[in-house]
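Novice: Got a structure for you, questions after.
2 protein chains.
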Amino acid sequence: MCLPAHTVGMSDPFVVVGGDAAGMSAASKARREAPDREIVVFEKGEWVSYGACGLPYYVKGEIQSLEDLVSVTPEEFREERDIDLRTGHEVVAVDTDERTVTAESESGTVTQSYGDLLLATGSEAVVPPIDGTDREGVYTLGSMSDGKELREYVARARDGEGFQQPDRGPACRYLEDCTGPVGVVGGGYIGIEMAEALAENGFEVNLFQRGDRVLKGFSDETSEYVADHLRDKDVALHLDAEVEELAGGDRVETVVTADDRIPVEMVLLGTGVRPRTDLAEAAGIELGETGAISADAYRETSALDVYAAGDCAEATHVVTGDPTYVPLALTANRHGRAIGQTVTGTPTEGGGVAGTAAVKAFDVEAARTGILDYEAARAAGFDPVSETVTAKSRAGYYPEGGNVRLTLTADRDSGRVLGASLASEYGEGAVHRSHAVVAALSEGATVADLENYDLAYAPPFNTTWDPVLVAAKVLGGQLRD
Amino acid sequence: MCLPAHTVGMSDPFVVVGGDAAGMSAASKARREAPDREIVVFEKGEWVSYGACGLPYYVKGEIQSLEDLVSVTPEEFREERDIDLRTGHEVVAVDTDERTVTAESESGTVTQSYGDLLLATGSEAVVPPIDGTDREGVYTLGSMSDGKELREYVARARDGEGFQQPDRGPACRYLEDCTGPVGVVGGGYIGIEMAEALAENGFEVNLFQRGDRVLKGFSDETSEYVADHLRDKDVALHLDAEVEELAGGDRVETVVTADDRIPVEMVLLGTGVRPRTDLAEAAGIELGETGAISADAYRETSALDVYAAGDCAEATHVVTGDPTYVPLALTANRHGRAIGQTVTGTPTEGGGVAGTAAVKAFDVEAARTGILDYEAARAAGFDPVSETVTAKSRAGYYPEGGNVRLTLTADRDSGRVLGASLASEYGEGAVHRSHAVVAALSEGATVADLENYDLAYAPPFNTTWDPVLVAAKVLGGQLRD
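Protein sequences appear in the order of chains A and B.
For what it's worth, my numbering labels the leading residue of the first sequence as 40, then goes sequentially.
For what it's worth, my numbering labels the leading residue of the second sequence as 40, then goes sequentially.
Printed below as a string of structure tokens:
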């Protein structure tokens, strides 16, 4: 055997690169399973284990302190969980032959050997390749410090200390009394959540979307539902509006598209994220076709005892069985936790992903899961067919209630449920109702199976047939014809 | 062949006994599938296709008109759906040899031949065998006319035209200013929904439960959660309080238990329902062990071409595979619809039941599904094990939110999910979250499968691990130990 001796113990540390959801879940789980193992976590920033998903609500002002987003503090990890957490340490190299990582900090460079290594390097906000993204007043929202800067900006602007050029007159186009105006580039989750956060603070918000609809991973019908609501909330929606330049002086002043020049005093880029893979690539670890780190069912990469989890890694789609890149918090937590078990002697699969996502946009909620895109479905060997229904969210006679708009997609031949996209008024249950479809597609269930689920019913919660069942009935009817 | 000729057509009517959910779903579906078939529905009352589940909200005053509970009127069935609906017709006999039913109405007796027959005779409220249930002021809530009477009573009492005996002084024990007091016997759905309806109208409500907890089909923890809330809402909860007599003169005046005599001016009996099977029994059609009409997967009874659906019939439990009696609206609709397809040439199974139920109690919501009772689980060959968790309903830092209390039960050896019981503040999603568990147990999924479902997450809707996943993690941990 040419492999180094590999036994679990003090001389065989579990080393984690990256101290957010995946990394800290793994470290914590490993600590619970192996109280005596040495566990070292390198985090280049100061924050660990924070809920980045909460940042838009912090900027909005609904959450008062950045610390509120932190589920466990560095001190708690160190003192209560006995994890050797080294913040301010950036790992700059991994040597899979020597089984070491090299980290740099203010106090110098350290080399740390590992028995097992987890790469949980996360993702970074994509900055689109256009002129002007380096101007002042252009933000992304990927990190706690981004959130801090944006909140400070919002507070200043609300206090009348914004950056309007006094010589250009009132810049708002459609609000009588506005802060801003501001631009949001990208109509995905972050773009929409930030449009809400800014608009609810009195900003005139221009949302620029390159394609013809927001939330492009959702169904057309959900996109339309959300877009209509954004307009109702006075968000200026610029569809098919590719941003060509963020023009201005030191500060951004204008969003330039092919058709328009929109004055702004701030721009938020919500144009997606990409996996941070430099470290893995440099170490010769394989990336998948998606560009994220490839890993097997146990989340082990092409390098022995090197695992990957969270926003830097691929996962297996439960419907297609293919690797996919869906960087979301639950998967990061779940995969981290599984790795924590695996490296402490209980091999545990990380589980697949269904591409499930949820978003709140002002007074509506939306969710999506599975495969909705017909091209993607066909590429996976399916013959997709869909139905969209609009069904009451509660008994028609019940005093509260609204509608759920639900698109259900299935394979024509097998009837297998492939995906769903749902929207409703906030509180009317589009998101929680999606749970039934996630379960169905995770189990390989057919539309007929779904149609027969004995879902809970009472007038304050749904009609006798829950909207999910209504959609299954209608799609089932089409499949039977 | 000694069977009568049996071809679908004008001479071969589809006859339905009972015009509520099961009956009218079957008739409507059969009409859509077979535009020329003769379809005759006998209904002994005047109302058809009404939402009995909405009656408590009508009594409460949140629904203004009884007609609002009717989803399709008799006229619409007759004129738009071309169904020969005969209200005021009570079927008094079925002859399965002659293939006829005999119905009586004000205008006499008719004999109607059938090609296919559906018995959808429903259920009736159980009146417990105690003295005094025939006194004035004692109500049940099984029918539209019951609802009408109760609403009229509530309106009179609120207007100060109640029935307090002037010589007995203030009858309320704990409310300073109350209407009533009144008694509700039975802590199931109807009892609890009516306790809310009455209390919200200013009545002092005494709820009597024979056993030691309300909602006995739910988990102990859910019962406790709901009971605590009922007490918070000033409902006087009398547990382990078997009612021995409803004493009084012409009108009820006192609820007598072994330990107490509670003055009341009205009593609502919410002590469950039993299937109406007289007609089937007299016709020699088999009943099951539950006492309800037995039927196969296609809902056909022991008599050829005679089907049964709704509250008069058994259904197959998806977890145990055994016949069970769970009289609820969705099953009635679903089975009726399947029969409508079967009798028009597309044999369709009715589907099983999971015993899923939901209830709102003031400001809390609760749901249950599957097998929770350990004796029932053992009788079905399982070795049940449970965990109860209390998990946040939304991200901890999110400004809204509460808790979901969730009991999850599984089979120890196989890990198979057997059932769940959930409670939360109203609006915090106990009911819609139960959908995931219904799907899981319908698919025979294990706790490990459930734990890996990629459920939707965003801070306004849950924590990164939805409460359902938290429960699966905790129970999964116990199963792995």
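Quick reminder that beta carbons are idealized off the backbone N, C-alpha and C, glycines included.
Quick check: is the beta carbon of S182 (chain B) nearer than 8 angstroms to any beta carbon in chain A?
Specialist: Taking the first residue of the second sequence as 1, we reach residue 182 (chain B) at position 143. So, not an interface residue.
Novice: Hey, quick one: how far does the alpha helix (DSSP H) through S481 (chain A) stretch, first residue to last?
Specialist: Here the question's residue 481 (chain A) lines up with position 442 in the first sequence. Run containing S481 (chain A): A469 to S481, per the alpha helix (DSSP H) assignment.
Novice: I'd like to know if A368 (chain A) contacts chain B, where contact means its C-beta is closer than 8 angstroms to some C-beta of that chain.
Specialist: Working through the first sequence from its first residue, we reach residue 368 (chain A) at position 329. It does; some Cβ of chain B falls within 8 angstroms.
Novice: E517 (chain B) by DSSP, collapsed to three states: which one?
Specialist: Along the second sequence, read from residue 1 onward, the residue named residue 517 (chain B) stands at position 478. Here the sequence assigns Gln to residue 517 (chain B), which means Glu is not the residue at that position. Here Q517 (chain B) sits in helix by DSSP.
Novice: Curious, which full-length beta strand (DSSP E) runs of at least 3 residues does the segment 224–301 of chain B contain?
Specialist: As far as the segment 224–301 of chain B is concerned, its whole beta strand (DSSP E) runs of at least 3 residues are 242–247, 275–277, 282–287 and 291–296.
Novice: Express the C-alpha separation of V80 (chain A) and E143 (chain A) in angstroms, rounding to a whole number.
Specialist: One-based indexing of the first sequence puts residue 143 (chain A) at position 104. One-based indexing of the first sequence puts residue 80 (chain A) at position 41. The alpha-carbon atoms of E143 (chain A) and V80 (chain A) are separated by roughly 13 angstroms.
Novice: Does the Cβ-Cβ distance between A60 (chain A) and G375 (chain A) come in under 8 angstroms?
Specialist: In the first sequence, residue 60 (chain A) corresponds to position 21, counting from 1. In the first sequence, residue 375 (chain A) corresponds to position 336, counting from 1. Yes, they are a contact pair.
Novice: Please state whether the Cβ-Cβ distance between S333 (chain A) and P314 (chain A) is less than 8 angstroms.
Specialist: By 1-based counting over the first sequence, the position of residue 333 (chain A) is 294. By 1-based counting over the first sequence, the position of residue 314 (chain A) is 275. No, the pair does not count as a contact, with Cβ atoms beyond the cut-off.
Novice: Among B:Q517, B:V166, B:G483 and B:G127, which has the Cα closest to the Cα of L285 (chain B)?
Specialist: Counted from its first residue, the second sequence places residue 285 (chain B) at position 246. If we check each option's Cα against that of L285 (chain B), B:V166 comes out closest.
Novice: As an exercise, report each continuous alpha helix (DSSP H) stretch of at least 4 residues that is fully enclosed by the segment 113–162 of chain A, in chain order.
Specialist: The qualifying runs are 113–118.
Novice: Check whether the Cβ of K187 (chain B) lies closer than 8 angstroms to any Cβ atom in chain A.
Specialist: To locate residue 187 (chain B), count along the second sequence from 1; it is residue 148. Answer no: the Cβ-Cβ gap between K187 (chain B) and chain A never drops below 8 angstroms.
Novice: Could you tell me how far apart the beta carbons of E129 (chain B) and V398 (chain B) are, in whole angstroms, since I believe they sit closer than 8 angstroms?
Specialist: Here residue 129 (chain B) is taken as the residue at index 90 of the second sequence, counted from 1. Here residue 398 (chain B) is taken as the residue at index 359 of the second sequence, counted from 1. E129 (chain B) to V398 (chain B), Cβ: 32 angstroms. No contact.
Novice: Which of the three DSSP states is assigned to G62 (chain B) in this structure?
Specialist: In the second sequence, the residue the question calls residue 62 (chain B) occupies position 23. In this structure, G62 (chain B) counts as helix in the three-state DSSP scheme.
Novice: For C92 (chain B), decide whether its Cβ has a neighbour in chain A, counting only Cβ atoms nearer than 8 angstroms.
Specialist: Counted from its first residue, the second sequence places residue 92 (chain B) at position 53. Yes - at least one Cβ of chain A is within 8 angstroms of the one on C92 (chain B).
Novice: Compare the beta carbon distance of L307 (chain A) and V223 (chain A) with 8 angstroms and say whether it is the shorter of the two.
Specialist: Here residue 307 (chain A) refers to the residue found at position 268 of the first sequence. Here residue 223 (chain A) refers to the residue found at position 184 of the first sequence. Yes, Cβ-Cβ distance for L307 (chain A) and V223 (chain A) is below 8 angstroms.
Novice: Please return the same chain residues whose Cβ sits closer than 8 angstroms to the Cβ of L269 (chain B), not counting the five positions on each side in sequence.
Specialist: Along the second sequence, read from residue 1 onward, the residue named residue 269 (chain B) stands at position 230. So the qualifying residues of the chain are I231, A234, L246, V253, L276, A400 and F401.
Novice: Can you give the Cα-Cα distance for L505 (chain B) and K83 (chain B), rounded to whole angstroms?
Specialist: Taking the second sequence and counting its residues from 1, the one referred to as residue 505 (chain B) is at position 466. Taking the second sequence and counting its residues from 1, the one referred to as residue 83 (chain B) is at position 44. Reading off the sequence shown, one finds Asp at residue 505 (chain B), where the question assumed Leu. Roughly 47 angstroms separates the two Cα atoms.
Novice: Any C-beta of chain B within less than 7 angstroms: which residues of the segment 436–465 of chain A qualify?
Specialist: Residues Y436, Y437 and P438.
Novice: Closer than 7 angstroms by C-beta to D350 (chain A): which residues in its own chain qualify, once you throw out the five before and the five after it? Chain order, please.
Specialist: Your numbering for residue 350 (chain A) matches position 311 in the first sequence. Cβ neighbours of D350 (chain A) beyond the five flanking positions: G161, S162, V312, P314, P366 and A371.
Novice: If you draw a straight line from the C-alpha of V486 (chain A) to the C-alpha of G454 (chain A), how long is it?
Specialist: In the first sequence, residue 486 (chain A) corresponds to position 447, counting from 1. In the first sequence, residue 454 (chain A) corresponds to position 415, counting from 1. Answer to the nearest angstrom: the Cα atoms are 6 angstroms apart.
Novice: For the segment 465–484 of chain B, list every residue whose C-beta sits within 7 angstroms of some C-beta in chain A, in sequence order.
Specialist: From the segment 465–484 of chain B, only G466, G468, V470, H471, R472, S473, H474, A475, V477, A478, A479, S481, E482 and A484 have a Cβ closer than 7 angstroms to chain A.
Novice: Taking the CB atoms as reference points, tell me whether I378 (chain B) and A65 (chain B) lie closer together than 8 angstroms.
Specialist: Position 339 of the second sequence holds residue 378 (chain B). Position 26 of the second sequence holds residue 65 (chain B). Yes, the Cβ-Cβ distance between I378 (chain B) and A65 (chain B) is below 8 angstroms.
Novice: Could you check whether T218 (chain B) and R197 (chain B) sit closer than 8 angstroms to each other, using their CB atoms as the reference points?
Specialist: On the second sequence, residue 197 (chain B) is found 158 positions in, with the first residue counted as 1. On the second sequence, residue 218 (chain B) is found 179 positions in, with the first residue counted as 1. Their beta carbons are under 8 angstroms apart, which means R197 (chain B) touches T218 (chain B) by this criterion.
Novice: Below 6 angstroms CB to CB, which residues in the same chain sit around E243 (chain A) once its five sequence neighbours on both sides are set aside?
Specialist: For this step, residue 243 (chain A) is matched to residue 204 along the first sequence. Within the same chain, E243 (chain A) has close Cβ partners C211, L214, C217, G219 and P220.
Novice: Establish whether the CB of E530 (chain A) and some CB of chain B are separated by less than 8 angstroms.
Specialist: With chain A running from 40 to 520 in the structure shown, residue 530 (chain A) is simply not present.
Novice: With 8 angstroms as the threshold, decide whether the Cβ of W86 (chain A) is near any Cβ in chain B.
Specialist: Position 47 of the first sequence, counting from 1, holds the residue named residue 86 (chain A). No, W86 (chain A) lies away from the interface with chain B (no Cβ there is under 8 angstroms from its Cβ).
Novice: Name the chain A residues that come within less than 9 angstroms of V507 (chain B), Cβ to Cβ?
Specialist: In the second sequence, the residue the question calls residue 507 (chain B) occupies position 468. Simply H474.
Novice: Take G483 (chain A) and list the residues in its own chain whose beta-carbon comes closer than 7 angstroms to its own, dropping the five residues that flank it on each side.
Specialist: Here the question's residue 483 (chain A) lines up with position 444 in the first sequence. Same-chain partners within the cutoff: R455.
Novice: Considering only their Cβ atoms, is the gap separating G58 (chain B) from L124 (chain B) smaller than 8 angstroms?
Specialist: Here residue 124 (chain B) refers to the residue found at position 85 of the second sequence. Here residue 58 (chain B) refers to the residue found at position 19 of the second sequence. It is a contact, given that the beta carbons lie within the stated cut-off.
Novice: Can you give me the C-alpha to C-alpha distance between R120 (chain A) and Y346 (chain A), rounded to a whole angstrom?
Specialist: Stepping through the first sequence from its first residue, residue 120 (chain A) is reached at position 81. Stepping through the first sequence from its first residue, residue 346 (chain A) is reached at position 307. Using only the alpha carbons, I get a separation of about 22 angstroms.
Novice: Anything in the segment 384–400 of chain A with a Cβ closer than 9 angstroms to a Cβ of chain B? List those residues in chain order, please.
Specialist: Cβ contacts with chain B come from T385, E388, G389, G390, G391, V392, A393, G394, T395, A396, A397, V398 and K399.
Novice: Can you name the residues that DSSP bridges to F81 (chain A)?
Specialist: By one-based count along the first sequence, residue 81 (chain A) stands at place 42. Per DSSP, A:V56 and A:R125.
Novice: What residues in the segment 229–258 of chain B bring their beta carbon closer than 9 angstroms to a beta carbon of chain A?
Specialist: Taking 9 angstroms as the Cβ-Cβ cut-off against chain A, the residues of the segment 229–258 of chain B that qualify are E232.
Novice: Work out the CA separation of E106 (chain A) and M183 (chain A) for me, nearest whole Å.
Specialist: The sequence position of residue 183 (chain A) within the first sequence is 144, counting from 1. The sequence position of residue 106 (chain A) within the first sequence is 67, counting from 1. One C-alpha to the other measures close to 10 angstroms.
Novice: Measure the beta-carbon distance from A352 (chain B) to I324 (chain B) and round it to whole angstroms, keeping in mind my assumption that it falls under 8 angstroms.
Specialist: Looking up residue 352 (chain B) in the second sequence gives position 313. Looking up residue 324 (chain B) in the second sequence gives position 285. Not quite, the Cβ-Cβ distance comes to about 10 angstroms (not below 8 angstroms), so this is no contact.
Novice: So, under 8 angstroms CB-CB, T261 (chain A) and L489 (chain A) are touching, yes? Tell me the CB distance rounded to an integer number of Å.
Specialist: Along the first sequence, read from residue 1 onward, the residue named residue 261 (chain A) stands at position 222. Along the first sequence, read from residue 1 onward, the residue named residue 489 (chain A) stands at position 450. Not quite, the Cβ-Cβ distance comes to about 19 angstroms (not below 8 angstroms), so this is no contact.
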